[in-house]
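Letter by letter, the sequence shown follows residues 0 to 269 of numbering that gives the first Met the number 0. Working notes, structure below.
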Amino acid sequence: MSTPIDLTALKERQKVAWASGDYAVIGTTLQIVGESLAEACDLRCDEQVLDVAAGNGNATLAAARRGCVVTSTDYVAALLERGQDRARAEHLEVIFQVADAEALPFPDESYDAVLSTFGVMFAPDQATAASELGRVCRRGGRIGMANWTPEGFVGQMFKILGQHLPPPAVAQPPSNWGSDAWLHKQFDDRDFLVRVTRSQFNFRYRSAAHFIDIFRHWYGPVHKAFAVLSPEAGQALEEDLTELLNRSNRAGETSLVVPSEYLEVVITKR
Numbered sequence: 000m001s002t003p004i005d006l007t008a009l010k011e012r013q014k015v016a017w018a019s020g021d022y023a024v025i026g027t028t029l030q031i032v033g034e035s036l037a038e039a040c041d042l043r044c045d046e047q048v049l050d051v052a053a054g055n056g057n058a059t060l061a062a063a064r065r066g067c068v069v070t071s072t073d074y075v076a077a078l079l080e081r082g083q084d085r086a087r088a089e090h091l092e093v094i095f096q097v098a099d100a101e102a103l104p105f106p107d108e109s110y111d112a113v114l115s116t117f118g119v120m121f122a123p124d125q126a127t128a129a130s131e132l133g134r135v136c137r138r139g140g141r142i143g144m145a146n147w148t149p150e151g152f153v154g155q156m157f158k159i160l161g162q163h164l165p166p167p168a169v170a171q172p173p174s175n176w177g178s179d180a181w182l183h184k185q186f187d188d189r190d191f192l193v194r195v196t197r198s199q200f201n202f203r204y205r206s207a208a209h210f211i212d213i214f215r216h217w218y219g220p221v222h223k224a225f226a227v228l229s230p231e232a233g234q235a236l237e238e239d240l241t242e243l244l245n246r247s248n249r250a251g252e253t254s255l256v257v258p259s260e261y262l263e264v265v266i267t268k269r
């Protein structure tokens, strides 16, 4: 008999992980993904836009720069504070609200566009999170997402983390959201039109050692992994990450440029 899934406990552990470090140090380097997604969703001035699991606000800022009325949400208040700092610096008006992607506190069909860049894919209850995105999007509106693929660099990095620090047995892999077939299963063709484009983001650092140093200090999941592992186990994790980084590097010995595949997803609600 399988053990009942305690999604609440899993979510609380996730909150602690994402609140550790400072995701904005890495998150701000991904801004180009938010800009690309805003264009793919063809955002219009004055449209009502919701950013779900917004983190430090890449999609939030991209939408606000295009004149949209934006509500930026995340279940970690500290992450929203970084988005607030960035919006304030650009004199952009954005509503920031703590909210859970699995229980969005908004009426049905409230938004013209619902966005998430590398955020909602980490929700523990994936089917519920997908349902919530569809629920709050109006008919004719768009759901736009950027999701790491399981085959890409980030998907492989999380696979390595799982080998050294096995995730809870109940955890569904976030990389599900990077699968075309899984997306079509969650967003039924009768109610949604799903369009998927494979894209790449390039991580740019001085070296594998530089990448690992930044991520182990500032990126929640990697930060927590190194924090709980013994020195010997941490060294083994570092060696595996170094091998992956060097194998993926396309810049030769002078620098580190690692392409990471993601799906740029635009779903139109019929």
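Glycine included, every Cβ here is placed at the ideal spot set by N, Cα and C.
Our contact map puts residue i next to residue j with C-beta atoms below 8 Å; I'd like the distance itself, whole angstroms only.
{"i": "Phe117", "j": "Ala100", "result": "Between Ala100 and Phe117 the Cβ distance is about 12 Å, and since that is not below 8 Å, they are no contact."}
{"i": "Lys14", "j": "Tyr74", "result": "6 Å"}
{"i": "Ala304", "j": "Glu11", "result": "Examination of residue 304 is not possible in this model, given that the chain is present from 0 through 269 alone."}
{"i": "Ile266", "j": "Phe186", "result": "5 Å"}
{"i": "Val97", "j": "Ala76", "result": "5 Å"}
{"i": "Arg137", "j": "Glu108", "result": "4 Å"}
Along the chain, where does the beta strand (DSSP E) containing residue i start, and where does it finish?
{"i": "Phe186", "result": "Phe186 -> no beta strand (DSSP E), and no H or E assigned at all."}
{"i": "Glu284", "result": "Absent from the structure is residue 284, since the part of the chain shown begins at 0 and ends at 269."}
{"i": "Gly143", "result": "Cys136 to Trp147"}
{"i": "Ala112", "result": "Tyr110 to Thr116"}
{"i": "Ser71", "result": "Val68 to Asp73"}
{"i": "Asn201", "result": "Phe191 to Tyr204"}
{"i": "Val93", "result": "Val93 to Val97"}
{"i": "Asp50", "result": "Gln47 to Asp50"}
Buried or exposed: which applies to residue i, given that a residue is buried once 16 or more other Cβ atoms fall within 10 Å of its Cβ?
{"i": "Arg43", "result": "exposed"}
{"i": "Leu192", "result": "exposed"}
{"i": "Asn57", "result": "buried"}
{"i": "Arg87", "result": "exposed"}
{"i": "Asn55", "result": "buried"}
{"i": "Ala102", "result": "exposed"}
{"i": "Ala208", "result": "exposed"}
{"i": "Arg141", "result": "buried"}
{"i": "Gln155", "result": "buried"}
{"i": "Met0", "result": "Summary for Met0: the model assigns pLDDT 45, below 50, so the residue's position carries little reliability; its value from the coordinates is reported in the next sentence. Counting Cβ neighbours within 10 Å, Met0 comes out exposed, since fewer than 16 surround it."}
{"i": "Ser71", "result": "buried"}
{"i": "Ala53", "result": "buried"}
{"i": "Gly251", "result": "exposed"}
{"i": "Ala292", "result": "No answer is possible for residue 292: it lies beyond the span of the chain, which begins at 0 and ends at 269."}
{"i": "Gly133", "result": "buried"}
{"i": "Gly161", "result": "exposed"}
Hey, residue i and residue j: beta-carbon distance below 8 Å or not?
{"i": "Val93", "j": "Thr59", "result": "yes"}
{"i": "Val51", "j": "Ser115", "result": "yes"}
{"i": "Val48", "j": "Tyr110", "result": "yes"}
{"i": "Leu78", "j": "Phe95", "result": "no"}
{"i": "Arg197", "j": "Leu262", "result": "yes"}
{"i": "Leu228", "j": "Pro123", "result": "no"}
{"i": "Phe214", "j": "Ile25", "result": "yes"}
{"i": "Arg249", "j": "Pro258", "result": "yes"}
{"i": "Gln125", "j": "Gln171", "result": "yes"}
{"i": "Arg65", "j": "Leu91", "result": "no"}
{"i": "Phe105", "j": "Pro173", "result": "no"}
{"i": "Gly143", "j": "Val69", "result": "no"}
{"i": "Arg189", "j": "Leu255", "result": "no"}
{"i": "Ala232", "j": "His163", "result": "yes"}
{"i": "Glu260", "j": "Glu89", "result": "no"}
Closer than 7 Å: is that where the CB of residue i sits relative to any heavy atom of the ligand ADP?
{"i": "Val119", "result": "In the structure on display, the ligand ADP does not appear, and there are no ligands present to speak of."}
Name the two residues that bound the continuous alpha helix (DSSP H) containing residue i.
{"i": "Asn175", "result": "First-last for Asn175: undefined, no H or E at that position."}
{"i": "Thr27", "result": "Looking at the DSSP string, Thr27 is not in any alpha helix (DSSP H), and its letter there is neither H nor E."}
{"i": "Gly161", "result": "Phe152 to His163"}
{"i": "Pro220", "result": "Gly219 to Val227"}
{"i": "Pro106", "result": "That residue, Pro106, is in no alpha helix (DSSP H); it is neither H nor E in DSSP."}
{"i": "Ala53", "result": "First-last for Ala53: undefined, no H or E at that position."}
{"i": "Asp239", "result": "Pro230 to Ser247"}
{"i": "Arg87", "result": "Ala76 to Ala88"}
{"i": "Val119", "result": "Neither: Val119 is in no alpha helix (DSSP H) and is coded neither H nor E."}
Q. If you pair each beta-carbon of the stretch 3 to 23 with each one of the stretch 209 to 221, do three or more pairs fall below 8 Å?
A. yes
**Q.** Cβ contact check for the stretch 236 to 252 and the stretch 26 to 40: 3 or more pairs under 8 Å
**A.** no
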